[in-house]
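Enquirer: Residue numbers (UniProt numbering): 1 to 507.
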């Protein structure tokens with residue numbers, strides 16, 4: 001009952017006119033920011049942070065939080081309609097979102113994205129409300145071996161999400177890991193693959209790579225093969241998923257809400273890892289895995305649900321431990337410090353109006369996000385009616401401006417153009433681009449956590465078996481590999497029997 005009464009107090013704070021205005025403003029601004037590839041919540045919050053100095057502490061954090069989860073949804077719109085991922089976590093959205101748009105189901109895809117994000121976010125906020133102290137204690141015990149194991153299972157998903165040849169998926173995944181290693185060694189600080197270039201010292205920016213591969217590369221490919229070739233006539237009468245879509249997606253949404261919530265609690269987890277894991281899990285257990293990457297509505301639902309759930313549950317380590325799990329929440333952490341509030345175990349008692357007010361505002365913001373974006377789907381989908389001669393220049397300009405805005409770097413623009421050409425060539429050679437970007441994202445996480453584990457254990461590999469979480473994940477990985485091998489062996493044996501006794505097939 002203490003939690004319920006505290007939450008009620010939080011709603012009193014959140015429903016004050018000024019706070020309600022700033023929550024709404026944050027959601028709207030966040031959605032608009034998400035529409036611009038490369039801008040993202042980090043840049044937006046960094047720019048708006050000085051404007052919060054004169055606001056009440058609770059009001060300031062409500063505004064910044066609204067921008068955060070508003071931009072998470074907004075970034076899905078160009079990812080689905082134009083295959084322009086605005087950040088790392090929206091890359092997985094393009095796998096099935098863009099094929100659905102090409103099939104004339106953009107409205108259904110955007111509608112399901114809004115609903116799945118709402119459900120995932122709501123589940124996470126409920127968990128944040130009732131389980132924050134307990135889960136914060138659990139998250140505090142997460143170490144480098146556990147994060148390594150989680151990254152390893154995410155990297156394993158490259159094999160499952162790649163379209164066509166498994167060998168090609170592994171090659172492109174390996175190339176992604178190689179490109180991600182360019183720059184300074186994260187542990188020793190030594191230069192790697194920089195070839196004396198000062199621009200390469202800071203590494204290759206994820207937005208430049210993602211926008212180049214998926215945005216510029218796709219535009220070049222479509223320009224050659226006919227823009228929107230094969231795209232069906234737009235069905236603008238539907239802005240909500242059909243009953244069949246809902247039946248296919250409902251269990252994926254449930255599973256991904258839980259998975260995303262727990263991954264978000266772990267520092268270093270976040271939306272990218274949770275969306276990759278959720279997508280891989282759904283493809284693995286699906287009765288129609290061949291549809292994934294070609295417009296599987298449940299694949300899109302899984303990634304969006306997990307991403308939004310993890311984005312909201314990431315507030316648990318921030319508010320209860322004082323540990324910001326990602327760059328966005330690190331800025332919100334700074335905003336709290338500027339308000340003379342130190343996030344951590346004492347915050348809930350010392351500043352209950354801020355703690356519970358922010359949580360209550362997340363319920364409100366999540367509802368506002370759904371209510372504001374569903375009616376706008378028809379407007380968003382109109383972009384697909386533009387002619388290719390108009391669409392291509394718009395996409396290229398938006399892509400280049402978005403990349404430049406991240407670090408104000410012309411070098412990043414050049415990187416995006418180079419990777420656009422690479423993406424175009426890989427598409428022509430029938431290589432799937434998804435494994436490349438996943439290798440690029442997860443490779444550095446895997447390396448850093450592995451080397452930290454080795455440093456802590458003095459090179460003892462047993463450290464991965466001594467911790468319950470890492471041991472459990474490694475056992476899951478082994479079970480998946482063994483199950484995959486057994487499936488291959490059984491299929492081969494069945495084929496040999498059919499070849500030896502072909503008449504038995506018709507009996």
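Note that the Cβ used here is the ideal one computed from N, Cα and C, for glycine as well.
1) Residues in the same chain with beta-carbon distance under 6 angstroms from residue 344, minus the five sequence neighbours each way, listed in chain order, please.
2) Do the stretch 246-258 and the stretch 289-307 meet, that is, are 3 or more Cβ pairs less than 8 angstroms apart?
3) Looking only at DSSP bridge pairs, what is residue 183 linked to?
4) Quick check on DSSP: helix, strand or coil for residue 287?
5) Do residue 441 and residue 172 have their C-beta atoms closer together than 8 angstroms?
6) What's the gap between the Cα of residue 374 and the Cα of residue 394?
7) Since I believe residue 310 is in contact with residue 365 (beta carbons under 8 angstroms), could you give me their beta-carbon distance rounded to a whole number of angstroms?
8) How many whole angstroms separate the CB atoms of residue 26 and residue 62, which I take to be in contact at a CB cut-off of 8 angstroms?
9) Please classify residue 282 as buried or exposed, where buried requires at least 16 other C-beta atoms within 10 Å of its C-beta.
10) Can you have a look at residue 17 and say buried or exposed, based on whether 16 or more other CB atoms are within 10 angstroms of its CB?
11) I think residue 198 touches residue 183, with their Cβ atoms under 8 angstroms apart; what is that distance to the nearest whole Å?
12) So, at 7 angstroms on beta carbons, what are the nonlocal neighbours of residue 417 in its own chain, with the 5 sequence-adjacent residues on each side left out?
13) How is the alpha helix (DSSP H) around residue 349 delimited, first residue to last?
14) Look at the Cβ atom of residue 357, then the Cβ atom of residue 58, and state whether they are nearer than 8 angstroms.
15) If residue 210 sits next to residue 437, beta carbons under 8 angstroms apart, how far is it from one beta carbon to the other, in whole angstroms?
16) For residue 257 and residue 498, what's the separation of their Cα atoms in angstroms?
17) So, are the CB atoms of residue 432 and residue 169 less than 8 angstroms apart?
18) State yes or no: is the C-beta of residue 151 within less than 8 angstroms of the C-beta of residue 260?
19) By how many angstroms is the C-alpha of residue 360 removed from the C-alpha of residue 10?
20) Can you give me the Cβ contacts of residue 354 inside the same chain, cut-off strictly under 7 angstroms, excluding the 5 residues immediately before and after it?
21) Could you please give the first and the last residue of the uninterrupted alpha helix (DSSP H) stretch that includes residue 480?
22) Considering only C-alpha positions, which residue in the set 480, 53, 428 and 479 is nearest to residue 339?
23) Checking 8 angstroms against the spacing of the C-beta atoms, do residue 98 and residue 328 come in under that value?
24) How is the alpha helix (DSSP H) around residue 375 delimited, first residue to last?
25) Starting from the Cα of residue 117, find the closest Cα among 102, 105, 93 and 100 and give me that residue.
26) Apart from the five residues on each side of it in sequence, which residues of its chain come closer than 6 angstroms, Cβ to Cβ, to residue 36?
27) Could you tell me the boundaries of the alpha helix (DSSP H) in which residue 92 lies?
28) Consult DSSP for residue 108 and reduce its assignment to one of helix, strand or coil.
29) Given a cut-off of 8 angstroms on the beta-carbon distance, is the pair residue 180 and residue 443 in contact?
30) Using DSSP with H/G/I as helix, E/B as strand and the rest coil, what is residue 222?
31) What does a CB cutoff of less than 7 angstroms around residue 233 pick up in its chain, not counting 5 residues either side in sequence?
32) Does the beta-carbon of residue 222 have 16 or more other beta-carbons within 10 angstroms, so that it is buried, or is it exposed?
33) Is the distance from the Cβ of residue 286 to the Cβ of residue 307 below 8 angstroms?
34) So what's residue 129 in DSSP terms, helix, strand or just coil?
Expert: So, from the data block:
1) As a working mapping, residue 344 is identified with position 344 in the chain shown. Here the set comprises 322.
2) yes
3) Taking the first residue of the chain shown as 1, we reach residue 183 at position 183. According to DSSP, residue 183 bridges with 192.
4) Locating residue 287 in the chain shown gives position 287, counting from the first residue. Residue state, collapsed to three classes: coil.
5) Position 441 of the chain shown, counting from 1, holds the residue named residue 441. Position 172 of the chain shown, counting from 1, holds the residue named residue 172. No, these two residues do not count as a Cβ contact at 8 angstroms.
6) As a first step, residue 374 must be located in the chain shown, where it is residue number 374. As a first step, residue 394 must be located in the chain shown, where it is residue number 394. In a straight line, the C-alpha of residue 374 is about 24 angstroms away from that of residue 394.
7) Counted from its first residue, the chain shown places residue 365 at position 365. Counted from its first residue, the chain shown places residue 310 at position 310. 16 angstroms between Cβ atoms; not a contact.
8) Stepping through the chain shown from its first residue, residue 26 is reached at position 26. Stepping through the chain shown from its first residue, residue 62 is reached at position 62. Confirmed, Cβ separation roughly 7 angstroms.
9) Taking the first residue of the chain shown as position 1, residue 282 is located at position 282. Buried is the call here.
10) For the purposes of this step, residue 17 is identified with residue 17 of the chain shown, where counting begins at 1. Exposed: under 16 other Cβ atoms inside 10 Å.
11) Here residue 198 refers to the residue found at position 198 when the chain shown is read from its first residue. Here residue 183 refers to the residue found at position 183 when the chain shown is read from its first residue. At roughly 11 angstroms, the Cβ-Cβ gap does not stay under 8 angstroms, so residue 198 and residue 183 are not in contact.
12) The residue you call residue 417 lines up with position 417 of the chain shown. Hits under 7 angstroms: 212 and 216.
13) Residue numbering aside, residue 349 sits at position 349 when the chain shown is read from its first letter. Counting along the chain, the alpha helix (DSSP H) containing residue 349 begins and ends at 347-350.
14) As a working mapping, residue 357 is identified with position 357 in the chain shown. As a working mapping, residue 58 is identified with position 58 in the chain shown. The criterion of a C-beta distance shorter than 8 angstroms is satisfied by residue 357 and residue 58.
15) In the chain shown, the residue the question calls residue 210 occupies position 210. In the chain shown, the residue the question calls residue 437 occupies position 437. Cβ-Cβ separation between residue 210 and residue 437: approximately 6 angstroms, consistent with a contact (criterion under 8 angstroms).
16) Residue numbering aside, residue 257 sits at position 257 when the chain shown is read from its first letter. Residue numbering aside, residue 498 sits at position 498 when the chain shown is read from its first letter. Rounded to the nearest angstrom, the two C-alpha atoms are 43 angstroms apart.
17) Taking the first residue of the chain shown as 1, we reach residue 432 at position 432. Taking the first residue of the chain shown as 1, we reach residue 169 at position 169. Their beta carbons are under 8 angstroms apart, which means residue 432 touches residue 169 by this criterion.
18) Translated into the one-based positions of the chain shown, residue 151 becomes position 151. Translated into the one-based positions of the chain shown, residue 260 becomes position 260. Their beta carbons are not under 8 angstroms apart, which means residue 151 does not touch residue 260 by this criterion.
19) Locating residue 10 in the chain shown gives position 10, where the first residue counts as 1. Locating residue 360 in the chain shown gives position 360, where the first residue counts as 1. Going from the Cα of residue 10 to the Cα of residue 360 covers about 5 angstroms.
20) For this step, residue 354 is matched to residue 354 along the chain shown. These residues qualify, in order along the chain: 57, 58, 61 and 341.
21) By 1-based counting over the chain shown, the position of residue 480 is 480. Residue 480 -> alpha helix (DSSP H) spans 468-500.
22) The residue given as residue 339 occupies position 339 in the chain shown. Of 480, 53, 428 and 479, the residue nearest in Cα terms is 53.
23) Here the question's residue 98 lines up with position 98 in the chain shown. Here the question's residue 328 lines up with position 328 in the chain shown. Cβ distance not < 8 angstroms, so residue 98 and residue 328 don't count as in contact.
24) Sequence index remark: in the chain shown, residue 375 carries index 375 (1-based). Residue 375 -> no alpha helix (DSSP H), and no H or E assigned at all.
25) Indexing the chain shown from 1 puts residue 117 at position 117. Minimum Cα distance to residue 117 is reached at 93.
26) Position 36 of the chain shown, counted from the first residue, corresponds to residue 36. Within the same chain, and ignoring the five residues on either side of residue 36 in sequence, the residues whose Cβ sits closer than 6 angstroms to its Cβ are 402.
27) If you number the chain shown from 1, residue 92 lands on position 92. Element bounds for residue 92: 91-102.
28) On the chain shown, residue 108 is found 108 positions in, with the first residue counted as 1. Helix, per DSSP.
29) By 1-based counting over the chain shown, the position of residue 180 is 180. By 1-based counting over the chain shown, the position of residue 443 is 443. Taking 8 angstroms as the Cβ cut-off, residue 180 and residue 443 qualify as a contacting pair.
30) The sequence position of residue 222 within the chain shown is 222, counting from 1. Three-state DSSP puts residue 222 in a helix.
31) Here residue 233 corresponds to residue number 233 of the chain shown, with the count starting at 1. In this predicted model, residue 233 has a pLDDT of only 48, less than 50, meaning its place in the structure is not dependable; the value taken from the coordinates is given anyway. So the list reads 104, once near-sequence residues are dropped.
32) Within the chain shown, numbered from 1, the residue matching residue 222 stands at position 222. Buried, since its Cβ has 16 or more Cβ neighbours within 10 Å.
33) Counting from one through the chain shown, the residue named residue 286 turns up at place 286. Counting from one through the chain shown, the residue named residue 307 turns up at place 307. No, the pair does not count as a contact, with Cβ atoms beyond the cut-off.
34) As a working mapping, residue 129 is identified with position 129 in the chain shown. In this structure, residue 129 counts as helix in the three-state DSSP scheme.
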